[in-house]
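Undergrad: Protein chains in written order, with our numbering: chain C, 1 to 349; chain A, 1001 to 1349.
The beta-carbon is built from N, C-alpha and C at its ideal position, and this holds for glycine as well.
Can you keep this structure in mind? I'll have questions shortly.
Protein chains: 2
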Amino acid sequence: MTGKRRASTNVTIIDIAREAGVSKSTVSLVLKGSTLVADETRDRVSRAMSKLGYVYNRGAANLRGAQSSIVGMVINDLSNPFFAELAIGIERVLRTSGYIPFIANTAESVVRQAEVVRSMREHGASGIILSPALDTDGREINSLLDLGMPIILAIRRVPGARASLVASDNMAGAARVTQHLISLGHRRIAFLGGMGAMAVRKDRIAGFTQALEEVGLRADPALMLESMPTKDGAFTAMSALLSRPDWPTAVVCFNDVVAIGVMQALSRKGLLPGRDMAITGFDDTTEARQVSPPLTTVSVDAGDLGERAAQMLLRQIAAGNQTTETYIGEARLVVRESCCPPPRERKVS
Amino acid sequence: MTGKRRASTNVTIIDIAREAGVSKSTVSLVLKGSTLVADETRDRVSRAMSKLGYVYNRGAANLRGAQSSIVGMVINDLSNPFFAELAIGIERVLRTSGYIPFIANTAESVVRQAEVVRSMREHGASGIILSPALDTDGREINSLLDLGMPIILAIRRVPGARASLVASDNMAGAARVTQHLISLGHRRIAFLGGMGAMAVRKDRIAGFTQALEEVGLRADPALMLESMPTKDGAFTAMSALLSRPDWPTAVVCFNDVVAIGVMQALSRKGLLPGRDMAITGFDDTTEARQVSPPLTTVSVDAGDLGERAAQMLLRQIAAGNQTTETYIGEARLVVRESCCPPPRERKVS
DNA sequence: CTGAAAGCGCTTACAG
DNA sequence: CTGAAAGCGCTTACAG
């Protein structure tokens, strides 16, 4: 009903002081929860604040040196449930710490990422947990670090960056899932998804290759396909693969989202994942359990990684960003129903 | 390598002015992109800024009356992909507007919601898009509005709140999906999920009831079951229903997430959704397509709703929050494979 | 416990 | 185009 001009344009600590009949120092003390103020005085001030609709002005406070209470959470793809789970894990620990996490989504754009990080710095964020967009430059991370901003890299390492890292054991996970396929009898196995520049992809391919070499096989470059790490990207890449003559009998997918896109491409061709071709994922998102057939994948516990990242950030903020820590979470094989042995009739030479 | 104390603690507009050999007014003009500054001067200032690692101090600027460039996006459940899609739609339009959206997750906690909204106000957010937590009080929304803060309610209306609203046509959607079940021959239909206090649930139940009454049936209170709008909550509620004697032949679920929980409860009992019992969802999240069998549901286009909400917020910020708008998005029936006719042998009297 | 004073980093008129 | 001055709302010593 009213028509005030702008939020927080009016009532200040001085108005409160006048209303409560104290000095503004006292109001400030109440704001900070100081024990120096008498209970009766504190009550009077609190009542004045709610009566006048007072809003604390963080900007003014930060200006004078107060600790800001926000931390940034910069996520490269919020539509991927894996990152949503990560975000929720982060919030779980930050919630009890007095910090409020502000999330921003970059949708894999480094330009957007720079904007968002800048905005968070401008607003006085105490630290940032960054799940970096593709093609993030290590030097950018380092210059942030040099300015004294605590940064925790999550999920994706950035070559050349000196920041702390929380990620999962991509190499071991990929090796395990590949070994599983080999034990089912597969010899002609593709790796699909992710872009060439991604460190995570390199690590998973290293595990994949290592598992093959352990049994005297080698990775066929013609079966290592890139795609954007999205359902659509994977669908397209898999459809292209299926239009070629010599199919693999199994596909190790970059992650669950990619695996789901790959399954859709198979279905489109009338093929059934888990019967006509073995498919594996990575991440063990809730979707992995819900697709049909349920996806054999690698569990990395995104929520736990989020918690670790938040704890690490809190430590760095407290310590003043001196140390660099690394936490590599376990990557467990989760066998469900998306993997069959290779079909006899299509066995290759 | 360095050891600066805190981010943004040092270099200010004055340092830049000195470095570039101009006055600080000029630096401020450059910061605002004013055309009054000569190109050569602008360059000199820009170089000085990057040389010294300057970070704009939003707090100080806002203090003096500058427009803040953040808007808040407060989401009640980020782990529900529906809300992730909503968030992404919001970002899509905000991205081109110069505003940076900061997202916060309340996990259905009104306490958390109050904290988060307060923090956003303290940081000078220009407006907030709020997907309210359960049990949000209309008076809280109204007092925010009275302070001049533009607020757009998204997805869930709040009884008593005077804020603008972007939501979907819950009543029509629920009626459509119920009519679909009736046309398949169902007469004994349950409604499952959501908590009693939720306005959205009330609207959907109204559509459900109306569709039944159109054909001379009435909703059986024993078949209207509450649950938290989560997979686990739905699983529990459905399991309880299945332990009772007279099952329904079809279940209209509060949303897709609930439907998936219901399906899992059926599977646990050895029953197949779409063969032994008809199940419907609401929202048409990407998961609805991926579950097995694919879910018959109501499509509400979360991304589009997000875009509408963002456009509405931008309008309100520009206009100074005078008008109250409402946008109700269409709710289309999407028929997939989770609905069968009622089984003959279990047909009730 | 309270008051007076200084200053954080910026923007905004107002003269030049 | 540029400089000098005032002031936004808070916190921080410093006296009392």
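1. Does ALA1211(A) come out as helix, strand or coil in the three-state DSSP assignment?
2. Which same chain residues, not among the five before or five after LEU29(C), have their C-beta less than 7 Å away from its C-beta?
3. Would you kindly report the start and end of the unbroken beta strand (DSSP E) that includes LEU165(C)?
4. VAL111(C): buried (16+ other C-beta within 10 angstroms of its C-beta) or exposed?
5. Per DSSP, which one or two residues make a beta bridge with MET1073(A)?
6. When the Cα of LEU1165(A) is compared with those of ARG1187(A), THR1178(A), ILE1141(A) and SER1183(A), which residue comes out closest?
7. Just how far apart, CA to CA, sit GLY1148(A) and PHE1102(A)?
8. Determine whether the Cβ of LYS4(C) lies closer than 7 Å to any Cβ atom of chain A.
9. Across which residues does DSSP place TYR327(C) in a beta bridge pair?
10. Anything in chain C within Cβ reach of PHE1282(A), meaning under 8 Å, just list it in chain order.
11. I'd like to know if the segment 80-98 of chain C and the segment 1013-1033 of chain A are in contact, where contact means that at least 3 CB-CB pairs between them fall below 8 Å.
12. Should the segment 1252-1270 of chain A be regarded as contacting the segment 1287-1300 of chain A, the criterion being three or more beta carbon pairs within less than 8 Å?
13. For chain C, is any of its Cβ atoms less than 7 Å away from the one on GLY1185(A)?
14. Could one say the Cβ of LEU86(C) lies closer than 7 Å to chain A's Cβ atoms, at least one of them?
15. For a contact meaning CB atoms closer than 7 Å, what does PRO81(C) contact in chain A?
16. Could you check the C-alpha separation between ASP1077(A) and PHE83(C) for me, to the nearest Å?
17. Once you ignore the five residues that flank GLY3(C) on each side, which residues in its own chain have a CB closer than 8 Å to its CB?
18. Per the DSSP calculation, CYS253(C) is bridged to which residue(s)?
19. Name the DSSP bridge partner or partners of PRO1150(A)?
20. Pairing CB atoms from the segment 1153-1160 of chain A with CB atoms from the segment 1211-1225 of chain A, are three or more of them under 8 Å?
21. Looking at the structure shown, is LEU1052(A) part of a helix, part of a strand, or coil, going by DSSP?
22. Check whether the segment 161-175 of chain C and the segment 93-101 of chain C touch, using three or more Cβ-Cβ pairs below 8 Å as the test.
23. What is the C-beta distance between VAL55(C) and GLU1213(A), in whole angstroms, given that I count them as a contact (C-beta under 8 Å)?
24. For ALA1251(A) and SER243(C), what's the separation of their Cα atoms in angstroms?
25. At 3 residues or longer, and completely inside the segment 1259-1309 of chain A: list those beta strand (DSSP E) runs for me, N to C.
26. At the level of alpha carbons, what is the spacing between SER267(C) and GLU226(C)?
27. Following the continuous beta strand (DSSP E) through LEU1333(A), name the residue where it begins and the one where it ends.
28. Put SER227(C) into one of helix, strand or coil per three-state DSSP.
29. Would you mind reading off the limits of the alpha helix (DSSP H) that contains ASN62(C)?
30. Could you pull out every residue in the same chain whose Cβ sits closer than 6 Å to the Cβ of MET1001(A), ignoring the five residues on either side in sequence?
31. Using only alpha-carbon positions, find the residue among THR1323(A), LEU1271(A), CYS1339(A) and PRO1229(A) that is nearest to THR1296(A).
32. With respect to the alpha helix (DSSP H) encompassing ILE155(C), which residues constitute its N-terminal and C-terminal limits?
33. With a Cβ-Cβ cutoff of 7 Å, do PRO341(C) and LEU184(C) count as a contact?
34. Determine the contact status of LEU181(C) and ALA278(C), defining contact as a CB-CB distance below 7 Å.
35. Between LEU1063(A) and chain C, is there a C-beta pair that is closer than 7 Å?
36. Short of 9 Å Cβ to Cβ, which residues in the segment 1152-1168 of chain A face chain C?
TA: Short version:
1. The residue labelled residue 1211(A) in the question sits at position 211 within the second sequence. Helix at ALA1211(A).
2. Counting from one through the first sequence, the residue named residue 29(C) turns up at place 29. Hits under 7 Å: LEU36 and VAL37.
3. Residue 165(C) sits at position 165 when you count from the first residue of the first sequence. Where LEU165(C) is concerned, the enclosing beta strand (DSSP E) stretches over 164-168.
4. Here residue 111(C) refers to the residue found at position 111 when the first sequence is read from its first residue. Its Cβ having fewer than 16 others within 10 Å, VAL111(C) is exposed.
5. Along the second sequence, read from residue 1 onward, the residue named residue 1073(A) stands at position 73. Paired residues: ILE1103(A) and ILE1129(A).
6. By one-based count along the second sequence, residue 1165(A) stands at place 165. Answer by Cα proximity: ILE1141(A).
7. Start at 1 with the first residue of the second sequence, and residue 1148(A) comes out as number 148. Start at 1 with the first residue of the second sequence, and residue 1102(A) comes out as number 102. GLY1148(A) and PHE1102(A): Cα-Cα distance of roughly 19 Å.
8. Start at 1 with the first residue of the first sequence, and residue 4(C) comes out as number 4. Any answer about LYS4(C) is weak, because its pLDDT of 31 lies below 50 and its placement is not dependable; what the coordinates show is given next. Answer yes: the Cβ-Cβ gap between LYS4(C) and chain A drops below 7 Å somewhere.
9. On the first sequence, position 327 is the one that residue 327(C) refers to. Note: TYR327(C) sits in a beta bridge opposite VAL166(C).
10. As a working note, residue 1282(A) is residue 282 in the second sequence. Going along chain C, no residue has its Cβ under 8 Å from PHE1282(A), so there is no contact; the nearest lies around 17 Å.
11. no
12. yes
13. Here residue 1185(A) corresponds to residue number 185 of the second sequence, with the count starting at 1. For GLY1185(A), the answer is no, since every Cβ of chain C falls outside 7 Å of its Cβ.
14. The residue labelled residue 86(C) in the question sits at position 86 within the first sequence. Not an interface residue.
15. Locating residue 81(C) in the first sequence gives position 81, where the first residue counts as 1. By Cβ distance, chain A contributes PRO1081.
16. Reading the second sequence from its first residue, position 77 is the one you call residue 1077(A). Reading the first sequence from its first residue, position 83 is the one you call residue 83(C). Each residue's Cα considered, the two are about 14 Å apart.
17. Start at 1 with the first residue of the first sequence, and residue 3(C) comes out as number 3. Low confidence applies to GLY3(C): its pLDDT is 29, below 50, so where it sits in the model is not reliable enough to give any reading.
18. Residue 253(C) sits at position 253 when you count from the first residue of the first sequence. CYS253(C) pairs with LEU192(C).
19. Taking the first residue of the second sequence as position 1, residue 1150(A) is located at position 150. None, per the DSSP bridge assignment.
20. no
21. Working through the second sequence from its first residue, we reach residue 1052(A) at position 52. In this structure, LEU1052(A) counts as helix in the three-state DSSP scheme.
22. no
23. Working through the first sequence from its first residue, we reach residue 55(C) at position 55. Working through the second sequence from its first residue, we reach residue 1213(A) at position 213. About 49 Å; that fails the 8 Å criterion.
24. Mapped onto the second sequence, residue 1251(A) falls at position 251. Mapped onto the first sequence, residue 243(C) falls at position 243. Residue 1251(A) is actually Val in this sequence, not Ala. Whole-angstrom Cα-Cα distance: 42 Å.
25. 1278-1280 and 1297-1299
26. Working through the first sequence from its first residue, we reach residue 267(C) at position 267. Working through the first sequence from its first residue, we reach residue 226(C) at position 226. Cα to Cα, the separation comes out at about 20 Å.
27. Here residue 1333(A) refers to the residue found at position 333 when the second sequence is read from its first residue. Note, LEU1333(A): beta strand (DSSP E), 1332-1334.
28. Reading the first sequence from its first residue, position 227 is the one you call residue 227(C). In this structure, SER227(C) counts as strand in the three-state DSSP scheme.
29. In the first sequence, residue 62(C) corresponds to position 62, counting from 1. Unbroken alpha helix (DSSP H) run through ASN62(C): 58-63.
30. In the second sequence, counting from the first residue as 1, residue 1001(A) sits at position 1. In this predicted model, MET1001(A) has a pLDDT of only 28, less than 50, meaning its place in the structure is not dependable; the value taken from the coordinates is given anyway. None.
31. For the purposes of this step, residue 1296(A) is taken as residue 296 along the second sequence, with counting starting at 1. Per the Cα distances, CYS1339(A).
32. The residue you call residue 155(C) lines up with position 155 of the first sequence. Element bounds for ILE155(C): n/a, residue is neither H nor E.
33. Position 341 of the first sequence holds residue 341(C). Position 184 of the first sequence holds residue 184(C). Yes, the pair counts as a contact, with Cβ atoms nearer than the cut-off.
34. Taking the first residue of the first sequence as position 1, residue 181(C) is located at position 181. Taking the first residue of the first sequence as position 1, residue 278(C) is located at position 278. It is a contact, given that the beta carbons lie within the stated cut-off.
35. In the second sequence, counting from the first residue as 1, residue 1063(A) sits at position 63. True, the Cβ-Cβ gap to chain C drops below 7 Å.
36. ARG1162
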